[in-house]
Ligand code: SF4
Ligand code: SF4
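Residue numbers (my numbering): 1086 to 1271.
Below is the structure:
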């Protein structure tokens, strides 16, 4: 009897229409991607980039190999040669297999010169799988791209801190002693 009454009075239909009506006047939870993009959460770990030294225009990396050693996925490949005059290492190859990376951030954390970062780029779609095999040039290009989009004057590497210092005990503004300065053109 109850079911019959429900059918006669179109209760289910009315309920459905009320839901539709309510939804018309509420903010959608979805966005029009890729035209619209979501705000990235602080500390987001996206596509890798090799930081370009603003003075020399070259990568900051000193080929110490720490990042490659600490990487749990073993997806960083580094090549270097020694400069005969200075005896310093010169980077010849720096490659990352992005699809093997687990985005732990260890490479960023361990780097003594702030040379590698995880940017806020989260888009990896490509026609060719090779595009996500980042070469040194691609990683530098990632940095340039990141730099051109970054809204602030200063980029702070959230992972980096001085060894032997408990970061949490420092005042907030001193927790990141050597931020990478981003100089904006114009
Ligand atoms: S984020 Fe982690 S897994 Fe990815 S390259 Fe760096 S150390 Fe390796
Ligand atoms: S830890 Fe830093 S300086 Fe050392 S090889 Fe990796 S990116 Fe280069």
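Even for Gly, the Cβ is constructed at its ideal location relative to N, Cα and C. Computed from a prediction, not measured in an experiment: that's the story for all the values here.
Residue span of the beta strand (DSSP E) that contains residue 1191, given as start and end: From DSSP, residue 1191 is part of no beta strand (DSSP E) but of the alpha helix (DSSP H) over 1191-1195.
May I have the straight-line CA-CA distance separating residue 1174 from residue 1200, to the nearest angstrom? The straight-line gap from Cα to Cα measures roughly 14 angstroms.
May I ask you to list the residues that DSSP assigns as paired with residue 1179? Paired residue(s): 1163.
Going by the beta-carbon positions, is the gap between residue 1158 and residue 1187 smaller than 8 angstroms? In this structure, residue 1158 lies near residue 1187, with their beta-carbon atoms less than 8 angstroms apart.
How long is the line joining the alpha carbons of residue 1103 and residue 1116, rounded to whole angstroms? Counting only the Cα atoms, residue 1116 lies some 23 angstroms from residue 1103.
Is it the case that the CB of residue 1202 approaches a heavy atom of ligand 2 more closely than 7 angstroms? Not under cutoff, so the answer is no.
Taking the beta strand (DSSP E) that residue 1203 falls in, what are its first and last residues? Looking at the DSSP string, the run of the beta strand (DSSP E) that includes residue 1203 is 1201-1203.
Does the beta-carbon of residue 1135 have 16 or more other beta-carbons within 10 angstroms, so that it is buried, or is it exposed? The residue is buried, with at least 16 neighbouring Cβ atoms inside 10 Å.
Apply the 10 Å Cβ neighbour rule to residue 1144 and answer buried if 16 or more other Cβ atoms are within range, or exposed otherwise. Per the 10 Å Cβ criterion, buried.
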